[in-house]
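Note that the protein sequences, when read in sequence, are chains A and B. According to our numbering, the first sequence holds residues 519 to 913 in order. According to our numbering, the second sequence holds residues 519 to 913 in order. Yeah, the Cβ is synthetic: ideal placement off N, Cα and C, and Gly gets one too. Here is the structure we will look at, set down as structure tokens.
2 protein chains.
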Amino acid sequence: MRKVAVVGVGETKFSGPQDRTEVELFGEAAMEAITESNLKPKDIKALYVGNVLGDFSEGQGMVQSFAAENIGCRHVPANRYEGACASASMAVRDAFMWVASGYYDIVLAGGVERAATMGTGLATRTFAMFSDARYEYPAGITFPAVFALLTHLYADKYKIPLQKLREQMARVSIQSYKHGAINPKAQFFGKNAEMSVDKVLGSFVVATPLTLHDCCPFSDGAAAVVLASEAVAKKLTKKPVYITGTGQSSSGPLCNQDDFLPRIRAREISSKQAYDMAGIRPADVDLCELHDCFSIASLIAAESLGFFEYGKAGEAWEKGQADIGGKVAINPSGGLKSKGHPIGATGAGQVYEVVRQLRGEVEPGRQVPDAKIGLTDTLGGDGGTLVNMVFQRGW
Amino acid sequence: MRKVAVVGVGETKFSGPQDRTEVELFGEAAMEAITESNLKPKDIKALYVGNVLGDFSEGQGMVQSFAAENIGCRHVPANRYEGACASASMAVRDAFMWVASGYYDIVLAGGVERAATMGTGLATRTFAMFSDARYEYPAGITFPAVFALLTHLYADKYKIPLQKLREQMARVSIQSYKHGAINPKAQFFGKNAEMSVDKVLGSFVVATPLTLHDCCPFSDGAAAVVLASEAVAKKLTKKPVYITGTGQSSSGPLCNQDDFLPRIRAREISSKQAYDMAGIRPADVDLCELHDCFSIASLIAAESLGFFEYGKAGEAWEKGQADIGGKVAINPSGGLKSKGHPIGATGAGQVYEVVRQLRGEVEPGRQVPDAKIGLTDTLGGDGGTLVNMVFQRGW
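Following this line, the structure appears as structure tokens:
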């Protein structure tokens with residue numbers, strides 16, 4: 519298999535309700551990525567797009583075909599991927615394989631969503647369909663409830679008093695707000711920079727013990743990346759970022775995972791695949807964009823990814839070990855919590871951030887110094903899909 | 519890239535409303551394919567599933583993850599593909615690449631749908647979202663209307679009196695009913711074997727000039743295939759069927775294609791890719807399962823695939839040139855018209871039929887004698903997605 523590089527990235531601002539269609543949002547991100555790659559739309563040989571709720575939010579299925587034609591990529595293969603929140607990461611991973619195999623030299627991958635346009639209430643109820651339709655959401659278990667239950671389980675398993683755990687979780691949100699406040703693409707740009715533990719704990723309860731500030735928003739937005747073979751990449755850019763490892767895993771109903779919870783088995787399998795393929799260890803990772811749909815999700819993820827011992831991630835956040843200058847810089851973009859969460863685009867947004875970090879291009883205050891290796895981590899549903907990818911500087 | 523073979527196939531009966539979930543339907547087809555391949559679920563390294571309306575028909579998104587766990591393929595990568603009716607073909611083509619690249623040796627691909635469960639009226643309205651949401655279905659143009667308009671355009675362009683064209687189209691349906699009537703997996707098994715031109719023309723009008731018998735049903739059903747590398751395939755079966763060519767293309771809104779219509783540009787691009795990759799010509803194809811969602815669609819498809827001259831496909835059907843014993847055997851399964859159309863499973867169902875035809879395993883009366891090369895053709899929406907694949911006997 520050939521080496522595959524990211525040669526260009528693009529992203530809309532992640533935001534509340536937009537008055538543009540998904541085709542238009544994707545077009546903005548895609549054209550930014552194509553232009554940055556010194557390419558034209560006609561150079562793109564195939565399109566891989568994550569999208570989850572488009573049928574519901576604006577009544578457009580098969581959005582990828584209309585999105586392709588809209589940017590002038592006429593008659594290319596165009597696939598839509600659905601793996602809940604991990605849809606765009608799934609799309610990028612498949613795009614990677616079509617280039618690695620030698621079949622295509624240049625492809626575009628990304629995602630788009632208008633989840634905010636649906637309104638939080640409707641989006642939450644609709645998105646619950648991406649958990650198990652037999653045993654979970656008919657019982658009232660929407661995703662906030664899943665992660666509330668996991669919080670109790672985490673506290674119990676690692677014998678951390680719930681109030682103590684809630685304070686640690688608050689630190690996760692505070693760090694995310696801090697970075698998002700200085701990320702112009704973030705939904706909460708310029709907001710919540712002065713968040714405190716008391717403010718997080720005192721905000722309204724979404725699902726006990728999770729409060730508003732423990733939960734990410736639903737967002738509108740799109741992100742896209744251009745992938746190319748090594749030979750082509752070297753002609754297009756002086757700063758190719760190589761995808762050196764990928765992993766993917768899945769799980770069925772949460773009730774089947776009970777012995778393992780609150781750990782997510784799919785993540786441990788997926789990340790091991792990615793690390794092994796790249797030939798690296800967790801300690802080699804300089805920064806990680808991980809799936810912090812809820813603050814507790816960050817603790818669970820960071821442990822399964824091998825950054826901290828089980829039950830110890832909260833302490834790590836308290837000590838700054840999960841921040842820039844610590845052991846690993848987690849979510850310097852602001853993460854889902856502050857950058858935002860346009861469901862089917864989120865994974866591509868993570869890639870956008872990691873690539874720009876490795877290039878040293880992000881705003882002062884949230885740039886990870888001399889970052890060489892980045893990891894993405896995207897969780898779809900409550901373990902249904904897990905995708906990890908390792909990115910490394912190619913210069 | 520390595521050679522890739524189909525080593526096992528499975529399919530549920532295509533039917534009206536089922537009382538089983540998509541997870542259960544897919545499980546039946548998948549286990550049939552795995553068992554036929556002399557494998558166990560643990561041997562499957564990844565799952566690729568087409569599904570379009572599952573969120574609507576039974577409120578289950580990300581069905582592939584639950585389907586994977588249900589059959590004992592735990593923690594494998596599991597992707598859902600959506601390209602309207604071409605979803606499963608898209609899934610099979612991506613699965614092909616993951617094996618061809620050398621990454622996986624054995625994978626499962628297929629599709630599942632419960633479109634009949636939704637009821638024809640609701641399914642038609644819901645599925646209209648897979649045309650263009652800006653200019654098409656808001657104008658009242660559901661898919662029956664699209665193909666009704668194409669019928670008028672076809673008659674006009676090739677100067678065929680509409681009544682004459684309708685009679686030719688009736689011949690398409692009659693041939694499909696004839697084969698479906700003796701295909702036990704077909705929705706219309708045992709039905710409509712004695713259809714006549716008068717009966718087709720006299721059935722109730724769906725969208726002028728299309729009558730009931732010009733239109734395929736919506737169906738419930740699932741189909742799955744196991745793909746393996748050449749080396750593995752030779753150990754598993756004495757009758758490997760190789761995928762020797764694939765092609766895929768897309769189009770945007772129908773209104774952008776006006777100069778080209780009623781031809782579908784995406785099909786001509788896609789099929790050329792598949793033929794070129796396989797190193798064959800249309801005349802080499804012994805049988806073809808093509809996307810006859812409406813009788814007029816068969817004429818349009820057969821011409822774009824290079825079997826007959828433009829405007830002459832109707833005559834070919836009248837003369838038996840599209841039947842077994844003619845120039846190319848089209849839809850010996852009964853096609854979408856008579857075998858049925860479980861949207862997200864249809865492409866995998868076509869592969870099921872072609873593989874069994876090449877093995878010489880189908881029922882007398884619809885077996886194509888000594889078939890060596892088969893083609894699949896799946897249309898998603900009104901040109902949004904087009905996938906073609908060439909299959910050849912490996913013994």
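Query	Result
Examine the Cβ distances between the segment 648–655 of chain A and the segment 800–819 of chain A and report whether three or more of them are shorter than 8 Å.	no
What residues are listed by DSSP as bridge partners for VAL570 of chain A?	Answer is none; VAL570 of chain A lacks a bridge partner.
Less than 7 Å between CB atoms is the rule here; does PHE661 of chain B satisfy it with respect to chain A?	no
CA-CA distance, GLY577 of chain B and LYS855 of chain A?	27 Å
Under 6 Å Cβ to Cβ from THR762 of chain A, same chain only, skipping five residues before and after it: list those, please.	ALA796, VAL908, GLN910
Residues of chain A with a CB under 7 Å from the CB of ASN774 of chain B: which are they?	GLU587
According to the Cβ coordinates, are LYS845 of chain B and SER851 of chain B closer than 7 Å?	no
Where does THR530 of chain B sit, in a helix, a strand or coil, going by DSSP?	coil
Using a threshold of 7 Å, state whether the C-beta atoms of ALA551 of chain B and PRO595 of chain B are closer than that.	no
Leaving out the 5 sequence neighbours to the left and right, which residues in its chain are closer than 6 Å to THR685 of chain B when beta-carbon positions are compared?	Inspection of the sequence shows that residue 685 of chain B is occupied by Glu rather than by Thr. Excluding residues within five positions, the ones whose Cβ falls inside 6 Å are VAL715.
If the cut-off is 8 Å on Cβ atoms, which residues from the segment 757–782 of chain B count as contacting chain A, listed in chain order?	GLN766, SER767, SER768, SER769, GLY770, PRO771, ASN774
Does the segment 665–679 of chain B come into contact with the segment 828–837 of chain B, if we say contact requires no fewer than three beta-carbon pairs (one atom in each stretch) closer than 8 Å?	yes
Whole angstroms are fine: how far does the CA of ALA688 of chain A sit from the CA of LEU745 of chain B?	48 Å
Short of 9 Å Cβ to Cβ, which residues in the segment 802–832 of chain A face chain B?	none
What does the alpha-carbon distance come out to for the pair GLN791 of chain B and ILE818 of chain B?	18 Å
CB GLY901 of chain B to CB ALA784 of chain B, shorter than 7 Å?	yes
Look at SER768 of chain B and SER583 of chain A and say whether their C-beta atoms are less than 7 Å apart.	yes
Comparing alpha-carbon positions, which option in B:LEU823, B:LYS521, B:GLY862, B:ILE861 lies nearest ILE848 of chain B?	B:LEU823
Can you find a CB in chain C that lies within less than 7 Å of the CB of PHE584 of chain A?	The chain labelled as chain C is not found among the protein chains of the depicted structure, namely A and B.
Chain A partners of PRO860 of chain B, CB-CB under 8 Å?	What PRO860 of chain B touches in chain A: nothing, since even the nearest Cβ is about 16 Å away.
With a cut-off of 7 Å, does the C-beta of PHE648 of chain B fall near any C-beta of chain A?	yes
So which of B:LEU640, B:ALA673, B:ASP573, B:PRO662 has the shortest CA-CA distance to VAL630 of chain B?	B:ASP573
Can you list, in chain order, the residues of its chain with a C-beta nearer than 8 Å to that of GLN945 of chain B? Leave out the 5 residues immediately preceding and following it.	Nothing can be reported for residue 945 of chain B: it is not among the residues displayed for chain B, which extend from 519 to 913.
Residues of the segment 587–602 of chain B with a CB closer than 7 Å to any CB of chain A: list them in chain order, please.	GLU587, ASN588, HIS593, VAL594, PRO595, ALA596, ASN597, ARG598, TYR599, GLU600, GLY601, ALA602
For LYS753 of chain B and VAL690 of chain A, what's the separation of their Cα atoms in angstroms?	52 Å
Curious, which full-length alpha helix (DSSP H) runs of at least 4 residues does the segment 747–825 of chain A contain?	748–754, 783–796, 813–822
Is the CB-CB distance between VAL581 of chain B and ALA609 of chain B below 7 Å?	no
Would you mind listing the alpha helix (DSSP H) stretches within the segment 673–736 of chain B that are 4+ residues and don't spill past its ends, in chain order?	680–698, 715–720
Compare the C-alpha of VAL718 of chain B against each of B:CYS734, B:GLY708, B:GLN705 and name the closest.	B:CYS734
Give me the subset of the segment 616–634 of chain A whose CB atoms are less than 7 Å from a CB atom of chain B, sorted by chain position.	TRP616, ALA618, SER619, GLY620, TYR621
Just confirm the distance between the C-beta atoms of ALA742 of chain A and LEU626 of chain A, as a whole number of angstroms; I'd bet it's less than 8 Å.	6 Å
PHE544 of chain A lies in the alpha helix (DSSP H); which residues open and close that run?	540–554
Residues in the same chain with beta-carbon distance under 8 Å from GLY838 of chain A, minus the five sequence neighbours each way, listed in chain order, please.	GLY844
Taking the alpha carbon of ALA666 of chain A as the reference point, which residue from A:LEU728, A:ARG884, A:LEU571 has its own alpha carbon closest?	A:LEU728
Excluding sequence positions up to five away, which residues of its chain have a Cβ less than 7 Å from the Cβ of GLU836 of chain B?	GLN686, ARG689
Compute the Euclidean distance between the alpha carbons of LYS560 of chain A and THR553 of chain A, then round it to the nearest angstrom.	12 Å
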